[in-house]
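Visitor: Shown below is the structure under consideration.
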Ligand code: XIL
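In UniProt numbering, the protein residues as written are 23 to 334.
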């Protein structure tokens, strides 16, 4: 069978996976490179990973993943520059004036984006800015700088690497709801104001049998604003144990999501958040849930894999 990356390419799409640098050898590396045309570092480019103490950078794992991608003719999706989570303690626990924090943020974005200038297809510039009701999430950024931190981050990223597509990324924004509508209104207003924004990332951490029925419509409404859309972190978790019936439902769910992307020209990529159940964040975070990815723990493709393949 043709690998996913060839099937996606035939439809003009990119198919990606999140990866950990430490696992990029053996079968894991073979599947990551053979099946996927894009990689996203799962943690390696987060602020706490790259700048654990102020001014002292650790690029080893991020560099490794970029080199792996280049060696295998893959895109890299940078993830993520501005977030409330996985920040270094010196940042979280520091006491900052607004002016200082603005400078810290600008310096961080400029340093990291410049390091990978010309090498990344896209950056998730701002991650998870909204609450479920569509209000802005209270974070170190919003609380100190107001919502304009988003425009400032995008403008700074654009200046550092004009060739990377700049995204805003969030979860529970796959269907039409209060949160996705707030994101929609933000993107519209950024476009109206001439702030650089190229795309919207729908994380798509979904639950078995609960793919929003209006996902294609939602993707299309973002596309109609004149931005690209990416499915950035797809996984579909089930209550354990795995059964064949759940596997069949999961295949249908994966196929639904991939078909929705396939149907919209400006849906440019679909990335899974880890391709194997042995390397998924789900069991650690959602108690009792797992088996969320397209490959089982022994690196064998599950029905979910064929759901993606059939959609592309
Ligand atoms: C997750 C990683 O996969 C885990 O290894 C880490 O412990 C926590 O973060 N949304 C995101 C990703 O944007 O960065 C998160 O990744 C999953 C949820």
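Every residue, glycine too, gets a C-beta built ideally from N, C-alpha and C.
Keep in mind that this is a model prediction, so the values were computed, not measured.
#1: Is residue 130 helix, strand or coil by DSSP?
#2: Taking DSSP as the reference, what is the three-state secondary structure of residue 261?
#3: For residue 119, count neighbouring Cβ atoms within 10 angstroms of its own Cβ and tell me buried if that reaches 16, exposed if not.
#4: Measuring CB to CB, does residue 61 end up less than 8 Å from residue 77?
#5: In whole angstroms, what separates the C-alpha of residue 96 from that of residue 282?
#6: From residue 182 to residue 139, what does the alpha carbon distance come to, in whole angstroms?
#7: Apply the 10 Å Cβ neighbour rule to residue 265 and answer buried if 16 or more other Cβ atoms are within range, or exposed otherwise.
#8: Provide the residue span of the alpha helix (DSSP H) that contains residue 163, from first to last.
#9: What do you reckon, is the C-beta of residue 311 under 7 Å from a heavy atom of the ligand XIL?
#10: For the alpha helix (DSSP H) that residue 232 lies in, which residues bound it at each end?
#11: Taking the straight line between their C-alpha atoms, what separation do you get for residue 113 and residue 83?
#12: Output the distance between the C-alpha atoms of residue 210 and residue 309, rounded to the nearest integer angstrom.
#13: Quick one: any contact between the segment 182-192 and the segment 162-169, if contact means 3 or more CB pairs under 8 Å?
#14: Do residue 255 and residue 293 have their C-beta atoms closer together than 8 Å?
#15: Any heavy atom of the ligand XIL within a distance shorter than 7 Å of the CB on residue 106?
#16: Does the beta-carbon of residue 111, which I'm using as the reference point, lie nearer than 7 Å to any heavy atom of the ligand XIL?
#17: If you check the beta carbons only, do residue 152 and residue 204 fall under 8 Å apart?
#18: Along the chain, where does the beta strand (DSSP E) that runs through residue 189 open and close?
#19: Check whether the Cβ atoms of residue 334 and residue 284 lie closer than 8 Å to each other.
#20: On a Cα-Cα basis, can you pick out the residue from 239, 202, 191 that is closest to residue 219?
#21: Can you list, in chain order, the residues of its chain with a C-beta nearer than 7 Å to that of residue 30? Leave out the 5 residues immediately preceding and following it.
#22: Going by C-alpha distance, which of 278, 116, 221, 216 is nearest residue 231?
#23: Within the segment 83-139, note down every full alpha helix (DSSP H) run reaching 4 residues or more, in order along the chain.
#24: Run the proximity test for residue 149: is its beta-carbon closer than 7 Å to any non-hydrogen atom belonging to the ligand XIL?
#25: Between residue 94 and residue 42, how many whole angstroms is the CB-CB distance? I'm expecting something under 8 Å.
#26: Taking 7 Å as the cut-off, is the C-beta of residue 225 nearer than that to any heavy atom in the ligand XIL?
#27: When DSSP labels each residue in this structure, what does residue 152 get in the three-state scheme?
#28: Verify whether the separation of the beta carbon atoms of residue 252 and residue 186 is less than 8 Å.
#29: Can you give me the C-alpha to C-alpha distance between residue 101 and residue 323, rounded to a whole angstrom?
Guide: On the basis of the supplied data:
#1: Translated into the one-based positions of the chain shown, residue 130 becomes position 108. It is helical.
#2: To locate residue 261, count along the chain shown from 1; it is residue 239. Looking at residue 261 - three-state DSSP - the assignment turns out to be strand.
#3: In the chain shown, counting from the first residue as 1, residue 119 sits at position 97. Residue 119 comes out exposed.
#4: By 1-based counting over the chain shown, the position of residue 61 is 39. By 1-based counting over the chain shown, the position of residue 77 is 55. No, the Cβ-Cβ distance between residue 61 and residue 77 is not below 8 Å.
#5: Start at 1 with the first residue of the chain shown, and residue 96 comes out as number 74. Start at 1 with the first residue of the chain shown, and residue 282 comes out as number 260. Going by the C-alpha atoms only, they are around 23 Å apart.
#6: Here residue 182 is taken as the residue at index 160 of the chain shown, counted from 1. Here residue 139 is taken as the residue at index 117 of the chain shown, counted from 1. Using only the alpha carbons, I get a separation of about 7 Å.
#7: As a first step, residue 265 must be located in the chain shown, where it is residue number 243. So residue 265 ends up on the exposed side.
#8: As a first step, residue 163 must be located in the chain shown, where it is residue number 141. Judged by DSSP secondary structure, residue 163 falls within the alpha helix (DSSP H) whose first and last residues are 162-167.
#9: Position 289 of the chain shown, counted from the first residue, corresponds to residue 311. Checking the 7 Å criterion, the Cβ of residue 311 is out of range of every heavy atom belonging to the ligand XIL.
#10: Here residue 232 is taken as the residue at index 210 of the chain shown, counted from 1. In the DSSP assignment, residue 232 falls outside any alpha helix (DSSP H) and carries neither an H nor an E.
#11: By 1-based counting over the chain shown, the position of residue 113 is 91. By 1-based counting over the chain shown, the position of residue 83 is 61. When rounded, the distance between both Cα atoms is 21 Å.
#12: Along the chain shown, read from residue 1 onward, the residue named residue 210 stands at position 188. Along the chain shown, read from residue 1 onward, the residue named residue 309 stands at position 287. Straight-line Cα distance between these residues: approximately 37 Å.
#13: In short, these stretches do not touch, since the Cβ pair count stays below three.
#14: The residue you call residue 255 lines up with position 233 of the chain shown. The residue you call residue 293 lines up with position 271 of the chain shown. Pairing residue 255 with residue 293 gives a Cβ-Cβ distance under 8 Å.
#15: For the purposes of this step, residue 106 is identified with residue 84 of the chain shown, where counting begins at 1. The ligand XIL never approaches residue 106 closely enough for any of its heavy atoms to be under 7 Å from the residue's Cβ.
#16: As a position in the chain shown, residue 111 is number 89, starting the count at 1. No - the ligand XIL has no heavy atom lying nearer than 7 Å to the Cβ of residue 111.
#17: Residue mapping note: residue 152 aligns to position 130 of the chain shown, counting from 1. Residue mapping note: residue 204 aligns to position 182 of the chain shown, counting from 1. Result yes, Cβ atoms of residue 152 and residue 204 sit closer than 8 Å.
#18: For the purposes of this step, residue 189 is taken as residue 167 along the chain shown, with counting starting at 1. Counting along the chain, the beta strand (DSSP E) containing residue 189 begins and ends at 187-192.
#19: As a working mapping, residue 334 is identified with position 312 in the chain shown. As a working mapping, residue 284 is identified with position 262 in the chain shown. In this structure, residue 284 lies closer than 8 Å to residue 334 by Cβ.
#20: Within the chain shown, residue 219 is the residue found at index 197, counting from 1. Among 239, 202, 191, the Cα nearest to that of residue 219 is on 191.
#21: Position 8 of the chain shown, counting from 1, holds the residue named residue 30. If we look at residue 30 and ignore the five residues flanking it on each side, its Cβ neighbours are 36, 37, 59, 334.
#22: Along the chain shown, read from residue 1 onward, the residue named residue 231 stands at position 209. It is 278 whose Cα lies nearest to the Cα of residue 231.
#23: If one requires a minimum length of 4 residues, the alpha helix (DSSP H) runs lying completely within the segment 83-139 are 111-114, 120-137, in chain order.
#24: For the purposes of this step, residue 149 is taken as the residue at position 127 of the chain shown. The answer is yes for residue 149.
#25: On the chain shown, residue 94 is found 72 positions in, with the first residue counted as 1. On the chain shown, residue 42 is found 20 positions in, with the first residue counted as 1. The beta-carbon distance between residue 94 and residue 42, rounded to whole angstroms, is 16 Å. This is too long to meet the 8 Å contact definition.
#26: Residue 225 sits at position 203 when you count from the first residue of the chain shown. Relative to the ligand XIL, the nearest heavy atom lies less than 7 Å away from the CB of residue 225.
#27: Position 130 of the chain shown, counted from the start, is the residue given in the question as residue 152. Shown here, residue 152 sits in a strand according to DSSP, grouped into three states.
#28: Residue 252 sits at position 230 when you count from the first residue of the chain shown. Residue 186 sits at position 164 when you count from the first residue of the chain shown. Not in contact: residue 252 and residue 186 (Cβ atoms no closer than 8 Å).
#29: Translated into positions along the chain shown, residue 101 becomes position 79. Translated into positions along the chain shown, residue 323 becomes position 301. Computed Cα separation, rounded: 26 Å.
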